[in-house]
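As they're listed, the protein sequences go chains U and E.
Heads up: the first sequence runs through residues 1150 to 1542, numbered per my numbering.
Heads up: the second sequence runs through residues 793 to 1124, numbered per my numbering.
In this text, a Cβ means the ideal position worked out from N, Cα and C, and glycines have one as well.
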Amino acid sequence: MNKRTLLKSMTALSAGALLAGAMLPAAAQDTVKIGLILPMTGPFASTGRQIDGAARLYMQQNGATVAGKKIELILKDDAGAPDTTKRLAQELIVNDKVTFLAGFGLTPLALATAPLATEGKVPMIVMAAGTSIITDRSPFIVRTGFTLPQTTYPIADWAAKNNIKKAVTLVSDFAPGVDAETVFKSRFTAAGGQVLAELRVPLRNPDFAPFLQRVRDASPDAVFVFVPSGVGSIFMKQFAERGLDKAGIKIIGPGDVTDDDILNDMGDVALGVVTSHHYSAAHPSAMNKAYVEAFRKMNNIRPNFMSVGGYDGMALIYKALAATKGDTNGEKLVAAMKGLSWESPRGPLTIDAQFREPVQNMYIRKVEKVGNELHNVEFETLTAVKDPTKVAK
Amino acid sequence: MSGPQPAFPLARVSRRAEWIILAVALVSVLLLPRYYPVMNQMAIIALFAVSLDLILGYAGIVSLGHAAFFGLGVYTAALFAKHVHGDPFLGLVIAAIAAALLGLATAVLILRGTDLTRLMVTLGVALILLELANKLDWLTGGADGLQGVVMAPVLGLFTFDMAGRTAYLYSLTILLLMLFLARRLVASPFGMSLQAIRDNRLRAEAIGIPVNARLAAIYTISAGVAGIAGGLLAQTTSFASLDALDFQRSADILLVLVIGGTGYLFGGVIGAVIFTAMHHWLSAVTPQYWQFWIGLMLVVIVLAGRERLVRAILSPFTWLLGLARGRSGPAK
C-alpha cells in the first residue's frame, strides 16, 4: 500500500509540474488583458449584463486577436460597491497585469478607481458612468458612454420649445442626478421655462411615492426625471399608481428612464414619454439593426444604451491597439485613443481629443408601439453634441 | 481559560491558536503576495467579527446593526486623514474613540428588552447613521463616496503601495494586537462576569454583578474595536462609501460568525478567512451567480452542523498525521 501511495503522489506531482509548465506560455507577452469590472449582481446587475454581453459580442464579431496580440477579457463583479471596485482594480493591475481597465457601472465606482488608473498608468475605459467630472479625475480615463449634461440639455431645449412652461425635476440623489438637475434647470429657465420644485430621491432602494405626490401637488406641465439604468420601471409603475398620467403630467428626461432593456415591460404608461439620448434600439440604421439582432441572439435581451457603451469601449480598445501596433504602454494607448472616430450602432462617434469624452449625435425620441414592442422612436437629431459643461470651460 | 465554552474542537486548542494564527499570517505574507488586497480584506473583516463576538459570544447581545460602528470608524478615519492629519495610527485612535462614544451613547438602548427588540434597535441605529451619511453629502460625499483621502506612510516609513503589501501588514498587525488584547479581556474577571451574565442574567445580578454597567462597558469596547476595523478599511483603501454602513455589512458579519462560531474569538478570524475566500473565489469563477453558492454553503453549514463538517474536513488530515507518525491509517 505504501508503494502505491508513493506512486500515486509521484504521478500527481509530475502532473502538477506538467500543468504548471503548460500554463507558463499563456502568461507571455502576446496576450493583452482587459479587466472588465461591472455590477453583475445587486440592483444594477442589468448594466453589467448589458455591457458584458456587448463586449463579448464585439469579440465574437471581430476576433480575439489585434495587432498580433491575443485579447483576454477578465470579468469581475463589484456588486455596485465602490471599495470592491477599487480592490478588484488593484488586483487586476498588480496580479493580472491588465493593459486596460473597463466597465464602471456607476459614477461612485469610477471615481473610486480613478487614482489607481493614474498610479498604474492603465487606460481606464468608462463604459457606463455618466457624471461629467469623471474624466477630470485621471488623464488615463477615456469615456465611451455618455455624459449627463450631454444627454440632458437637448430635452431641456425641446421642452421649452414645445409648450412645456412649468416643470418639476426628480432625480436620483448622486452625482449624475445632480448634473442632470443643474443642466436642465439652467437651460430650461434660460429658455423661459419655470422649475417649480427640485426633488432628489435616494439612490438606494428608491420609493418614489412621496416624491410623486409632491409632483402632483405642484401640478406642472411635465416632470423631468433622471434615474439610473434599471430603475425606470419602478418609477413608471408608481407614476401610474398615483394617477399622474391621468392628471396630464408628461414625463421628460434623458433616456435612462425609458431604458430599452426594461421599456417593453413598463406597459402603456410609458407611451408618449419624450426623452433625449444617444442610443435607441430602434435607431434606423442597417448597422444598428444587425447589432440588435446579433445581441438578442447571443444574450436573449434587447440591447440598451449601456450595451453600446460596452460595445464601443471594446471598439476603442481594438482601434487603439491597432494604432500602437500592439504596444501596451498606457500613455501611448490613451494618446492613440484621442480623436479616434468611427461608426457605431448609435451613429457616428468621436473621442474628443481634449476632454477624452464621446462626441455623438443626440436624438429626441418618443415611446411608441412598433409591432408588439415599445420602442424609443427617434424624431429629431442634433449632430456631434459635446458635453456642454466642458465646452463652457 | 475556563468558563463555559461552546463544544467546538478548535476551542480546545485555543491556547495554541494565537501562535497558529501568527504562523499562518507570517507564512501568508511570504508566500501569497498575489493576494495581499484580499487578505487585507480578510484581516479587516476578521477584526470586525471579533468585535461582534465580544458582545454576541461573551455577553449574549445580538445585533443587526454593528455596521453602525464600523461605518462611523470608516468615515471618521477618512475625514480625519483628509482634513486633519494623515498619520494612520492617530487616525485609528480617533476612529476608535468616535465609535466607542457612539457605543456608549447607544448602550442604553440594548440594556433593556429582549433579543428581538435589540435586533430592531441596533438595526435602527445603523439605518439612522446610513441616512445621515447619505444626507450630509457636503461632509461625507453622500452616495458618491468620499474622495481624496491621502494617507501618510505607516510610522513615517512604509507608504501604502499599489500591491497592498503595507496595507496587509498594517491591518494584520492591528488584528493580531487587538486579538491579543481581546483574549486578555475575556479571560479577566471582567470577561468572566460577562459570561455569567450571558448564561444567566438573573443569577449574575443576584451574586452582585453590576449587569447594566458591565454590558454597557463591553458594548462600548466592542464598538471601539469595530471602529478600528472600519478605520483600517478607510485607510487601506483611501476611500469611504455608504456601503460601510449598509445593512448588508451587518448581516455579512453575522454570517462570518455563523461560519466560524461564536464565543472563542478565533471563530471570527476563521469565519472571515472562509467567507472572504469563498466570496473571492466564487465571484471570480461565476460573477453572476456566486451569491447562490454562498447561500447554499450557509444552508449546509447550518443544517449539517459546523462541528460535524469540521470533523469531516479534518479527518483526512488526522489520517495523514497518523501516517507521518509511522502509524497505519484506517483500515481499507
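Leaving out five residues on either side along the sequence, give the residues of the same chain with a beta carbon under 6 Å from the beta carbon of residue i.
i: tryptophan 957 of chain E; result: Looking at the sequence shown, residue 957 of chain E is not tryptophan but arginine. So the list reads Tyr828, once near-sequence residues are dropped.
i: alanine 1216 of chain U; result: Leu1470, Ala1471, Lys1474 and Gly1475
i: leucine 1297 of chain U; result: Gly1279, Pro1325, Asp1328 and Ala1329
i: alanine 870 of chain E; result: Leu938, Val941, Ala1026 and Ala1032
i: proline 1257 of chain U; result: Pro1231
i: glutamate 1240 of chain U; result: none
i: arginine 910 of chain E; result: Val854 and Ile902
i: glycine 1016 of chain E; result: Ala888, Ala891 and Ala892
Run through DSSP, which three-state label would residue i get?
i: phenylalanine 1528 of chain U; result: strand
i: isoleucine 836 of chain E; result: helix
i: tyrosine 850 of chain E; result: helix
i: glutamine 1509 of chain U; result: strand
i: phenylalanine 1375 of chain U; result: strand
i: aspartate 1226 of chain U; result: strand
i: histidine 1432 of chain U; result: coil
i: glutamine 1080 of chain E; result: coil
i: arginine 1451 of chain U; result: coil
i: valine 805 of chain E; result: Bear in mind that a pLDDT of 48 at valine 805 of chain E, under 50, signals an unreliable position, so the model cannot answer this.
i: leucine 1057 of chain E; result: coil
Could you list which residues in chain E have their beta carbon closer than 8 Å to that of residue i, in chain order?
i: proline 1257 of chain U; result: Ala935, Asp936, Gly937 and Ser1033
i: glutamate 1268 of chain U; result: Met954
i: proline 1231 of chain U; result: Gly937, Phe1031, Ser1033 and Asp1035
Any beta-carbon of chain E closer than 8 Å to the one on residue i?
i: glycine 1103 of chain U; result: Because residue 1103 of chain U is not part of the residues shown, which for chain U are 1150 to 1542, the question remains open.
i: proline 1359 of chain U; result: no
i: glutamine 1239 of chain U; result: yes
i: alanine 1171 of chain U; result: Because the pLDDT of alanine 1171 of chain U is 43, which lies under 50, any placement of that residue in the model is unreliable, and the number read from its coordinates should be weighed accordingly. False, the Cβ-Cβ gap to chain E never drops below 8 Å.
i: arginine 1205 of chain U; result: no
i: alanine 1261 of chain U; result: yes
i: leucine 1352 of chain U; result: yes
i: methionine 1189 of chain U; result: yes
i: lysine 1235 of chain U; result: yes
i: alanine 1389 of chain U; result: no
In chain order, what residues of the same chain have a beta carbon less than 7 Å from the beta carbon of residue i, not counting five sequence neighbours either side?
i: isoleucine 836 of chain E; result: Ser963, Ala1021, Leu1024 and Leu1025
i: valine 775 of chain E; result: The displayed coordinates of chain E run from 793 to 1124. Any statement about residue 775 of chain E would go beyond what the structure contains.
i: methionine 834 of chain E; result: Ala1064, Val1065 and Thr1068
i: aspartate 1322 of chain U; result: Arg1349, Val1350, Pro1351 and Leu1352
So, at 8 Å on beta carbons, what are the nonlocal neighbours of residue i in its own chain, with the 5 sequence-adjacent residues on each side left out?
i: tryptophan 1085 of chain E; result: Met1070, Leu1074 and Thr1078
i: arginine 1006 of chain E; result: Ala851, Phe982, Ser985, Leu986 and Ile989
Please tell me whether residue i has its Cβ less than 8 Å away from any Cβ of chain U.
i: glycine 956 of chain E; result: yes
i: alanine 1027 of chain E; result: Here residue 1027 of chain E is glutamine; the residue named in the question, alanine, does not match the sequence. No, glutamine 1027 of chain E does not count as interfacial toward chain U.
i: arginine 975 of chain E; result: no
i: proline 1079 of chain E; result: yes
i: proline 945 of chain E; result: no
i: proline 880 of chain E; result: no
i: arginine 826 of chain E; result: yes
i: glutamine 1083 of chain E; result: yes
i: glutamine 833 of chain E; result: yes
Does chain C have any CB closer than 8 Å to the CB of residue i?
i: isoleucine 1242 of chain U; result: Of the protein chains in this structure, namely U and E, none is chain C.
Verify whether the separation of the beta carbon atoms of residue i and residue j is less than 8 Å.
i: isoleucine 813 of chain E; j: phenylalanine 1058 of chain E; result: yes
i: valine 1457 of chain U; j: serine 1493 of chain U; result: yes
i: methionine 1273 of chain U; j: alanine 1266 of chain U; result: yes
i: methionine 1463 of chain U; j: methionine 1208 of chain U; result: yes
i: leucine 839 of chain E; j: leucine 1049 of chain E; result: no
i: alanine 1032 of chain E; j: leucine 938 of chain E; result: yes
i: methionine 1436 of chain U; j: leucine 1465 of chain U; result: no
i: isoleucine 1290 of chain U; j: arginine 1451 of chain U; result: no
i: glycine 857 of chain E; j: leucine 915 of chain E; result: yes
i: glycine 1252 of chain U; j: leucine 1185 of chain U; result: yes
i: phenylalanine 1384 of chain U; j: proline 1403 of chain U; result: no
i: alanine 1259 of chain U; j: isoleucine 1242 of chain U; result: no
i: leucine 921 of chain E; j: leucine 1037 of chain E; result: yes
i: glutamate 810 of chain E; j: arginine 976 of chain E; result: no
Can you name the residues of chain E whose CB is closer than 9 Å to the CB of residue i?
i: phenylalanine 1323 of chain U; result: Asp929, Gly934, Ala935 and Asp936
Residues of chain E with a CB under 7 Å from the CB of residue i: which are they?
i: glutamate 1480 of chain U; result: Under the 7 Å cutoff, chain E gives no residues; its nearest Cβ is about 17 Å from glutamate 1480 of chain U.
i: glutamate 1330 of chain U; result: Chain E residues near glutamate 1330 of chain U: none, gap ~14 Å exceeds 7 Å.
i: lysine 1218 of chain U; result: Near lysine 1218 of chain U there are no residues of chain E at all, since even the closest Cβ is about 23 Å away, more than 7 Å.
For a contact defined as C-beta to C-beta under 7 Å, what are the partners of residue i on chain U?
i: serine 1075 of chain E; result: Asp1226
i: proline 1108 of chain E; result: Going along chain U, no residue has its Cβ under 7 Å from proline 1108 of chain E, so there is no contact; the nearest lies around 13 Å.
Note down, in chain order, every chain U residue with its Cβ under 9 Å from the Cβ of residue i.
i: asparagine 926 of chain E; result: Asp1322, Pro1351, Leu1352 and Arg1353
i: proline 981 of chain E; result: The premise fails here: proline 981 of chain E is roughly 39 Å from chain U at the closest Cβ pair, so nothing lies under 9 Å.
Is residue i a contact residue of the ligand MN, with contact defined as CB to any heavy atom under 7 Å?
i: alanine 1036 of chain E; result: In the structure shown, the ligand MN is absent, as is every other ligand, since no ligand is present at all.
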